[in-house]
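In the working numbering, the protein residues as written are 25 to 392.
Backbone N, C-alpha and C fix where the C-beta goes; we use that ideal spot for every residue, glycine too.
Only a predicted model underlies this, so the values are computations on that prediction, with no experimental measurement involved.
Please read the structure below before turning to the comments.
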Amino acid sequence: MGLPFKQYILEDSTYKGGGKKITMPNGIEVHKLSSNENPLGYSPRVKMALAAALNDLSQYPDNTDIRLREALVKDFDAMLTIDHFITANSGSEIIDIISKAFLNDGDEVIVSQPCFLPYSAFTRWMGAKAINVPMTIDYDYDLEGILNAIGNETKIIFLASPNNPSGNYIPRKDLQWFLEQVPENVIVVLDEVYRHFAEAEDYTSGLSFILEGKNVIAINSFSKTYGLAGLRVGYCYAPLHISNYIRKICKPFLLSTLALEGAIAALEDTYFVDQTVQLIKTERKYVLHGLDALGIKYWPTQGNFVLIDPPVPDAEFVLFLEQRGIMVRSVGNFGALGKVRISFGTRAANKALLLSLEALLKSMAISV
Ligand SMILES: Cc1ncc(COP(=O)(O)O)c(C=O)c1O
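So this is what it looks like as structure tokens:
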């Protein structure tokens with residue numbers, strides 16, 4: 025008798041995230057534009073809160089994470105209560121908890137590629153199947169296609185707005201129409217970890233739908249706007265009939281004292297959040313304008329990153345930039361074959377990026 029390995033796990037490849045920061049010879053500065061991180065780092069108030077929390081690590085953290093959820097209530101202008109929120113060790117962990125809470129062997133979820141890899145990876149780890157309803161050629165959701173793909177086994181639909189890696193969003197009226205069509209036994213997970221960066225007038229988060237009691241779970245993270253990718257904190261909010269159910273499988277003492285204190289301080293520093301959002305909006309314009317000037321094709325984005333069609337094969341493109349100390353990410357494995365995602369960085373990083381792209385185009389012109 026063999027070990028009780030699960031066949032669907034044996035068949036899976038180990039999930040890999042974005043790479044670690046490279047180092048360059050001769051002290052050349054490295055610009056990491058490959059993981060949608062915050063170019064401003066993180067709030068000094070978080071640093072102080074973490075330093076203070078170091079005195080207290082011999083004790084268990086607050087088991088109920090209640091202070092973090094109270095801070096979230098405040099952040100949502102008291103439109104939600106502490107019971108609407110679930111906190112966890114990252115947005116990714118929230119996706120995992122949702123998968124565990126709702127999926128069984130043989131169930132189906134719907135994803136739309138290109139999209140964040142954990143939606144389908146964590147689905148597979150539950151023995152369930154991810155059905156892909158690809159985005160349109162312009163990287164928009166095929167919402168009708170998704171509705172048509174709903175079957176008896178469908179439990180969850182994953183949507184992201186803005187979506188990673190394509191940067192597109194779902195306009196309010198489209199999302200409203202879609203949610204009205206989704207059967208009542210299906211959960212819509214709306215990943216809104218990039219929501220602060222969206223500036224389209226008809227952008228919407230999941231809040232109004234959740235207040236209406238729709239079967240929507242909105243995923244958020246402290247990795248992007250708050251610059252705390254290394255601390256690992258995320259949360260979701262959902263109508264009470266869903267959040268109180270999910271809470272039953274949340275592990276005790278899931279968030280460390282450092283994660284709790286850091287996240288609370290991050291929510292309090294609204295000045296840092298404003299600075300971050302402002303920087304991303306300014307740099308997004310700057311980079312997109314630069315790409316236009318160079319004639320490099322990209323897709324409209326509401327995120328802190330842009331998806332481009334590189335002028336040379338993606339692996340070659342990534343290597344060319346890496347040799348100049350600029351890290352970007354090829355996203356074929358997200359479902360955007362041959363495309364590259366570039367995060368917006370500081371002005372210095374973005375300038376270095378555009379200069380390198382210009383050099384690449386010049387070298388191509390010379391070699392033909
Ligand atoms: C669309 C999307 N959702 C969720 C996450 C999860 O972020 P984290 O696990 O760092 O909280 C990411 C991170 O890149 C993302 O791009």
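Answer with buried or exposed for residue i, where buried requires no fewer than 16 other C-beta atoms within 10 angstroms of its C-beta.
| i | result |
| --- | --- |
| ALA9 | Residue numbering for the chain in the displayed model covers 25 to 392; residue 9 lies beyond these limits and cannot be assessed. |
| PRO63 | buried |
| ASN87 | exposed |
| PRO189 | buried |
| PRO85 | buried |
| PRO138 | buried |
| PRO142 | buried |
| THR228 | buried |
| TYR165 | buried |
| MET388 | exposed |
| SER123 | buried |
| SER391 | exposed |
| ALA152 | buried |
| GLU117 | buried |
| GLY237 | exposed |
| ASP215 | buried |
| PHE277 | exposed |
| HIS265 | exposed |
| ALA383 | exposed |
| ASN209 | exposed |
| ASN176 | exposed |
| HIS313 | exposed |
Among the options, whose alpha-carbon lies nearest the alpha-carbon of residue i?
| i | options | result |
| --- | --- | --- |
| GLY254 | TYR261, SER267, LEU278, ALA287 | ALA287 |
| ALA224 | SER185, VAL206, GLU208, ILE234 | SER185 |
| ARG219 | LEU231, ILE211, GLU208, GLU204 | LEU231 |
| SER114 | LEU381, ILE161, LEU284 | LEU284 |
| ASP101 | GLU292, TYR163, TRP149 | GLU292 |
| THR47 | ARG348, TYR163, ILE266 | ARG348 |
| ASN239 | LEU96, HIS108, ASN50, ASN79 | HIS108 |
| PHE221 | PHE341, ASN328, GLU35, PHE368 | ASN328 |
| SER59 | GLY251, CYS260, PRO195, ASP298 | GLY251 |
| GLU168 | LEU199, GLU53, LEU141 | LEU199 |
| SER245 | THR111, TYR295, ALA152 | THR111 |
| TYR163 | THR325, GLN83, LEU171 | THR325 |
| THR294 | THR38, ARG91, LEU96 | LEU96 |
| GLU346 | SER380, ASP333, ILE194 | SER380 |
| LYS30 | ARG148, LYS56, ILE119, LYS124 | ARG148 |
| THR300 | SER67, THR281, LYS56 | SER67 |
| LEU378 | VAL336, LYS363, LEU315, GLY359 | LEU315 |
| GLY212 | PHE296, PHE126, CYS274 | Note that residue 212 is Val in the sequence shown here, rather than Gly. Checking every option, the nearest Cα to that of VAL212 belongs to PHE126. |
| LYS179 | MET25, LEU57, ALA376, ASN128 | ASN128 |
| ILE397 | MET150, ALA73, LYS272, VAL54 | In this structure the chain extends from 25 to 392, so residue 397 is not present and cannot be described. |
| LEU279 | LYS248, GLU208, ASP89, TYR261 | ASP89 |
| THR370 | THR306, VAL342, ALA360 | THR306 |
| VAL336 | VAL311, LYS386, LYS98 | LYS386 |
With respect to 8 Å, is the separation between the Cβ of residue i and the closest non-hydrogen atom of ligand 1 below this value?
| i | result |
| --- | --- |
| ALA184 | yes |
| ALA102 | no |
| GLU117 | yes |
| PRO142 | yes |
| VAL217 | yes |
| GLY258 | yes |
| ALA253 | yes |
| PHE109 | no |
| SER232 | no |
| ASN146 | The sequence shown places Phe at residue 146, rather than the Asn named in the question. Checking the Cβ of PHE146 against ligand 1 gives no. |
| ASN60 | yes |
| PHE246 | yes |
| ILE243 | yes |
| SER114 | yes |
| ASN188 | yes |
Please tell me whether residue i has its Cβ less than 9 Å away from any Cβ of chain B.
| i | result |
| --- | --- |
| LEU345 | Here chain B cannot be found, since the structure has a single protein chain. |
Look up residue i in the DSSP assignment and say whether it is helix, strand or coil.
| i | result |
| --- | --- |
| MET351 | strand |
| ILE52 | coil |
| PRO191 | In the sequence on display, residue 191 carries Gly and not Pro. Note: GLY191 maps to coil in three-state DSSP. |
| ILE134 | strand |
| ARG256 | coil |
| ASN244 | strand |
| TYR261 | strand |
| SER367 | strand |
| LEU64 | coil |
| VAL157 | coil |
| ASP333 | strand |
| LEU57 | coil |
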